[in-house]
Structure formats: structure tokens, C-alpha cells
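Everything on this sheet refers to the single structure shown next.
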Amino acid sequence: MKNRVKVLVALLVAIVVFSGIGIYFYQRGNSDVKEVTVEIISKRDDFNEKENYKTNIEYLGDLLKEENIVTDYEDSEYGMYIHGVKNMADDPSAQYWWSISVDGKSATQGADVLVLEDGKTYTLELKQGY
């Protein structure tokens, strides 16, 4: 009888310890997960789409590439230059270009260095005119 009690107590302690460890690592592994919204607007193409993403990716440019949102870009000495989004291409001859804004404000950094923040909306908009 005493051995059974010892075994049950040891089993109960092991369950509590391993559950605690599991919860700790689960929370730690998900602590950098962010929920962001990516909005794509092209009046020229009559296109407006919003999609939410849960990700632990650090930079907007990496998310855009990972999710195949950006379909054409080049890495220049100034960073990532976006030429196409969802197969809608810019057109320099007609002064069409892709802009990035964060929560409605023009981004001050390029997509490849723009850090994703939880709850933010990142908008890619095809604009005309320089």
C-alpha cells in the first residue's frame, strides 16, 4: 500500500513538473508571434484586399516574400525595391510605383528593414506620380 502511494505521488509530481515545463516552452516559443494585417490597394487594377497573418517573421519584406505577396522585386543598394504585388506590376513609364504605409502613415524605411509590430496594418498601394 505504501509503495502504491509513493508511486502515485511520484507520478503526480512528474505530471505537474512536465506540464509546467511544457507550458513554459509553449509560451516562450510563441512570445514573438505577431498578428499583422497586410492591405493591398491598386485603383488602377480595381483591387483592394486585406489579409491577417500570424507570424514570427521579423521584417515586412520577409513576410511579403514568404507569403508570395510580392511577385517581383529587386535588391538594390538602397534595399528591397518592389516592382510587383499579386502580379500587379509597377510602370515607371506611367509613373506607377508601390508605396508602403503603416497604420495609414508613410513608412520611413524599406520593406526589408521594416520591423513587423503586433496589431499593425501594413498597406502596399500602387500610386501614380512622383
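Using the working numbering, the first residue of the sequence shown is number 2, and each one after it goes up by one. We treat Cβ as the ideally placed atom computed from N, Cα and C, and that holds for glycine.
Opening and closing residue of the alpha helix (DSSP H) in which Lys-66 lies: To locate residue 66, count along the sequence shown from 1; it is residue 65. Note, Lys-66: alpha helix (DSSP H), 61-67.
For Val-6, three-class secondary structure by DSSP: Along the sequence shown, read from residue 1 onward, the residue named residue 6 stands at position 5. Val-6: helix per DSSP, three-state reduction.
Test item: CB-CB of Ile-70 and Lys-87 under 8 Å: Walking along the sequence shown from the start, residue 70 turns up at place 69. Walking along the sequence shown from the start, residue 87 turns up at place 86. By the CB criterion at 8 Å, Ile-70 and Lys-87 fall inside the cutoff.
Of the listed residues Thr-72, Asp-119, Tyr-123, nearest to Met-137 (C-alpha basis): There is no way to answer for residue 137, as the model of the chain reaches only from 2 to 131.
Any 3 or more C-beta pairs closer than 8 Å across the stretch 47-67 and the stretch 106-119: Contact holds: three or more Cβ-Cβ distances are below 8 Å.
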